[in-house]
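Trainee:
Protein chains in written order, with the numbering used here: chain A, 35 to 335; chain B, 75 to 737.
1) Just grab the DSSP bridge partners of residue 542/B for me.
2) Applying a beta-carbon distance threshold of less than 8 angstroms, which residues of chain B neighbour residue 280/A?
3) If you measure between the beta carbons of residue 398/B and residue 435/B, is that distance less than 7 angstroms?
4) Using alpha carbons as the reference points, say which of 200/B, 316/B, 266/B, 284/B lies closest to residue 260/B.
5) Rounded to the nearest angstrom, what separates residue 213/A and residue 310/A at their Cα positions?
6) Would you tell me roughly how many angstroms separate the C-alpha atoms of residue 271/A and residue 113/B, rounded to the nearest one?
7) So is residue 111/B in contact with chain A if we call contact Cβ pairs under 7 angstroms?
8) Name, please, each residue of chain A whose Cβ falls closer than 9 angstroms to the Cβ of residue 126/B.
9) Name the two residues that bound the continuous alpha helix (DSSP H) containing residue 90/B.
10) Buried or exposed, going by whether 16 or more other CB atoms sit within 10 Å of the CB of residue 96/B?
11) What's the gap between the Cα of residue 585/B and the Cα of residue 480/B?
12) What's the C-alpha gap between residue 135/A and residue 260/A?
13) Would you list the one or two residues that DSSP bridges to residue 301/B?
14) Would you decide whether residue 505/B is buried or exposed? Buried here means 16 or more other CB atoms lie within 10 Å of its CB.
15) Does residue 712/B pass the burial test, meaning 16 or more other C-beta atoms within 10 Å, or should it be called exposed?
16) Would you kindly work out how many angstroms separate the C-alpha atoms of residue 666/B and residue 444/B, rounded to a whole number?
17) Might you give, ordered along the chain, the residues of its own chain that have their beta carbon closer than 7 angstroms to the beta carbon of residue 268/A, omitting 5 neighbours on each side?
18) Examine chain A for any beta-carbon lying closer than 7 angstroms to the beta-carbon of residue 104/B, and answer yes or no.
19) Report all residues from its chain with a CB closer than 8 angstroms to the CB of residue 664/B; omit the five preceding and five following residues, and keep chain order.
20) Only counting runs of 3 or more residues, tell me where the beta strand (DSSP E) segments fall wholly within the stretch 387 to 446 of chain B, in order along the chain.
21) List the endpoints of the continuous alpha helix (DSSP H) containing residue 589/B.
22) From what residue to what residue does the beta strand (DSSP E) around residue 112/B run?
23) Got a sec: is the Cβ-Cβ distance from residue 286/A to anything in chain B below 7 angstroms?
24) In this structure, how does DSSP classify residue 301/A when only helix, strand and coil are distinguished?
25) With DSSP collapsed to three states, give me the class of residue 139/B.
26) At which residue ranges does the stretch 217 to 262 of chain A contain complete alpha helix (DSSP H) runs of 4 or more residues, listed in the order of the chain?
27) Where do the N-terminal and C-terminal ends of the alpha helix (DSSP H) with residue 456/B fall, by residue?
28) Mind checking who residue 654/B pairs with in its DSSP beta bridge?
29) List, in chain order, every chain B residue whose beta-carbon is nearer than 8 angstroms to that of residue 325/A.
30) Is the CB of residue 107/B under 7 angstroms away from at least one CB in chain A?
31) From residue 575/B to residue 492/B, what does the alpha carbon distance come to, in whole angstroms?
32) Looking at the secondary structure, which residues open and close the alpha helix (DSSP H) in which residue 564/B lies?
33) Compare the Cα-Cα distances from residue 257/B to each of 181/B, 166/B, 431/B and report the closest residue.
34) Are there three or more Cβ pairs, one per stretch, closer than 8 angstroms when the stretch 219 to 228 of chain A is compared with the stretch 242 to 249 of chain A?
35) For the alpha helix (DSSP H) that contains residue 282/A, what are its first and last residues?
36) Just how far apart, CA to CA, sit residue 231/A and residue 129/B?
Here it is, written out as structure tokens:
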């Protein structure tokens with residue numbers, strides 16, 4: 035789909051995107067549709083509006099040198115545009131078994147893949163370096179952040195290959211990130227975060243100290259947020275396989291309180307660690323999530 | 075393998091319980107996957123009947139436990155070759171158990187029993203030993219186990235049957251001690267007439283607790299015919315005597331029943347006794363001699379079991395006694411009803427004086443007992459007089475009436491009355507409970523036909539024995555010991571104001587029973603069971619001598635014990651304090667039924683023992699010589715314990731899974 039073409043808003047619905055053949059197409063559709071829809075929006079940084087000149091430094095792409103200025107002043111300057119910061123985005127995608135849960139056409143993992151692909155595409159479009167870590171209780175895929183040509187394609191393929199695995203260990207991706215990624219940048223963690231908020235805080239804090247800007251996308255199905263049960267059911271944990279008899283009364287009352295408390299605790303932990311937390315109902319369109327991301331990027335960039 | 079108590083195999087039906095329980099499932103068929111159990115809490119599991127049986131291993135263990143438990147109760151034993159050290163030469167101990175019950179004196183049974191025992195001795199091996207046991211009420215071991223056959227024969231010749239009955243289950247329990255201590259394998263030679271009434275309720279009780287061969291020597295000789303006087307009694311009201319003749323024969327016969335009093339024939343009746351039926355003979359009241367009278371009935375012609383053709387009864391001739399009836403109205407209905415009833419009792423020879431006060435002349439001590447028709451009429455002095463009379467050994471019947479209804483506590487006894495003293499005032503109430511074990515109420519019938527309109531509600535204390543209650547639970551007749559005497563309290567009236575009891579036919583027998591009790595004797599007649607103990611003090615004697623029916627002294631003065639075992643049929647005489655009392659002891663009527671155990675039961679009984687085959691007459695083809703059973707009980711118990719432990723482990727493992735605990 036050519037960039038910049040108008041896409042109806044309903045095409046950004048997750049269930050519509052699920053019908054698209056590949057992730058690349060999904061990412062392009064979402065981003066282009068989103069950018070078209072945000073005309074006159076505050077995110078003008080994604081236009082080609084000039085912002086400033088900066089002295090050329092070794093390693094800068096020579097394509098961005100303003101040769102006219104060089105001709106007049108004999109100095110090399112780099113032309114910079116609003117919204118272009120040449121930062122780096124590393125996406126941490128949780129592919130544990132619990133992410134395979136979903137009561138509609140789109141599971142949490144599929145939604146997470148859409149979101150990850152979209153973020154990757156958006157970053158690449160802004161010339162940001164893009165990296166990816168897919169994990170469950172170990173590292174499944176790892177693509178270091180880079181702006182080299184074809185890097186986006188590799189990242190999208192890695193996202194596409196992600197399948198629900200086994201359990202979740204949130205320490206693993208952060209430790210790997212800490213080992214291999216040293217520069218400042220953005221870190222987007224996509225998970226359902228069935229973990230101890232304090233443990234997560236301990237994992238995220240080192241990244242904050244390192245200067246990373248972290249955003250946590252917590253993906254949850256509506257049935258996880260406000261479950262509806264007509265009769266008691268034997269609930270099987272998708273990660274451990276353990277079962278438990280649960281009454282509908284509990285699910286409609288106490289469970290909702292406990293999941294809300296968990297989300298709140300996660301939110302506070304994220305704030306304490308200097309990270310952003312965004313709860314995502316996987317039935318909501320991706321554009322609102324992208325909007326959250328861009329606000330976050332603008333604030334941090 | 076042999077099962078000593080196969081009836082316990084019915085316990086195997088219990089395996090259906092775990093089978094059913096294992097179909098009960100708490101697994102919810104509505105199973106759903108969910109991201110995490112992190113925020114869930116278990117609810118009450120639903121129980122549903124699953125189509126498939128679950129936890130097969132656990133089920134198998136549980137069924138195994140139940141099967142082993144049932145098998146353990148059946149007392150299984152396997153055949154094995156005995157240890158040569160214990161049975162080196164095939165020597166055996168023959169326990170010759172002679173049935174010494176009364177039925178063995180029927181015809182020539184005892185002679186045949188001796189002959190059978192001698193046959194056993196004739197067939198003894200060179201190394202065998204023999205021991206004789208006489209089984210009746212007691213289990214008498216007549217000499218040690220010995221190889222001296224001549225000594226055993228001599229012992230046999232001295233044994234005689236007794237008058238008691240034999241219960242075979244008790245016999246097998248008693249003989250267990252001898253089998254346990256025997257040094258040789260035991261052959262139990264039971265010489266008996268195999269009376270069917272002697273069988274225990276549980277067939278398993280016939281099994282020896284230790285391995286022993288059972289050989290039953292049946293000494294019956296065809297069908298035995300017997301007729302007996304199985305009951306003989308006298309009415310306390312009319313003094314009439316009734317004897318019941320029973321037949322254990324296939325044909326009806328005519329028998330003459332002769333009544334003798336103190337050795338003199340005073341009556342004779344001819345009666346037609348139907349085949350296996352019963353016929354009653356009634357004699358008019360006797361002219362009794364003073365003191366106790368020996369009264370007996372006898373059947374003629376006699377039969378081969380002479381001991382049960384005769385029955386004994388000791389009847390006391392009452393001394394004329396005076397009774398005082400205290401009533402607010404000497405001409406009222408209550409004294410009329412009571413005095414009429416008491417004077418009707420010719421067996422008690424009572425005469426009644428009626429007064430409005432217990433005080434006066436003659437004094438209370440001159441009366442055998444006192445009846446107060448409305449205890450509310452007694453003022454303090456009168457109540458004290460009655461109380462003193464009772465505490466010094468007197469007896470009193472206290473009734474209530476209109477004058478008692480406003481009381482809070484009864485005079486004389488001080489028994490508290492409940493706040494609403496007229497419970498039962500609403501409508502008619504019949505008599506509910508009657509303690510027929512009490513001598514005063516024994517044999518009193520049709521009491522429940524009476525209607526009660528009012529009564530006072532006495533709060534019974536621990537000192538009170540409630541003999542009758544109304545249907546609404548109100549105590550109607552209470553007994554209380556007071557000092558050396560005794561009080562009976564009737565909580566309704568003795569006229570027809572508060573009830574219609576005096577108008578009922580049961581009133582006179584009730585008054586007879588109460589009068590008998592208040593007179594302090596054991597009653598008009600005196601009997602005791604064969605085999606029971608007779609205590610001198612029970613008859614009101616401070617000390618004395620007891621003579622048995624043959625006239626020998628059974629208990630002398632200064633004897634160490636007060637009790638005498640009543641082991642003879644006839645009259646025991648207790649002499650002391652210048653007077654004497656008779657106690658009649660009769661044959662156990664159950665021993666008169668000579669019907670033998672059927673052949674199939676007899677075979678099953680024999681099958682409970684070991685069958686070495688050398689000496690037993692019916693040797694099954696499966697039983698081989700020199701093999702004895704060995705109990706599998708200890709092995710089963712060990713297996714049972716193992717299964718129980720395994721069941722606990724497996725059950726716990728399943729429980730951990732059900733609770734969601736990581737294994």
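From the three backbone atoms N, C-alpha and C, an ideal C-beta is built for every residue, glycine too. These numbers come from a predicted model, not from an experiment.
Mentor: Inspection of the coordinates gives the following:
1) 508/B, 551/B
2) 114, 115, 116, 117
3) no
4) 284/B
5) 22 angstroms
6) 11 angstroms
7) yes
8) Here the premise fails: no neighbours, minimum Cβ distance about 16 angstroms.
9) 90 to 97
10) buried
11) 27 angstroms
12) 15 angstroms
13) 321/B
14) buried
15) exposed
16) 45 angstroms
17) 277, 279
18) yes
19) 239, 271
20) 395 to 400, 424 to 429, 443 to 446
21) 581 to 592
22) Residue 112/B -> no beta strand (DSSP E), and no H or E assigned at all.
23) no
24) helix
25) helix
26) 231 to 244, 256 to 259
27) 454 to 465
28) 649/B
29) The contacting residues do not exist; residue 325/A stays about 26 angstroms from chain B at best.
30) yes
31) 24 angstroms
32) Taken as a continuous stretch (DSSP letters only), residue 564/B belongs to no alpha helix (DSSP H), being part of the beta strand (DSSP E) at 559 to 564.
33) 166/B
34) yes
35) 282 to 286
36) 39 angstroms
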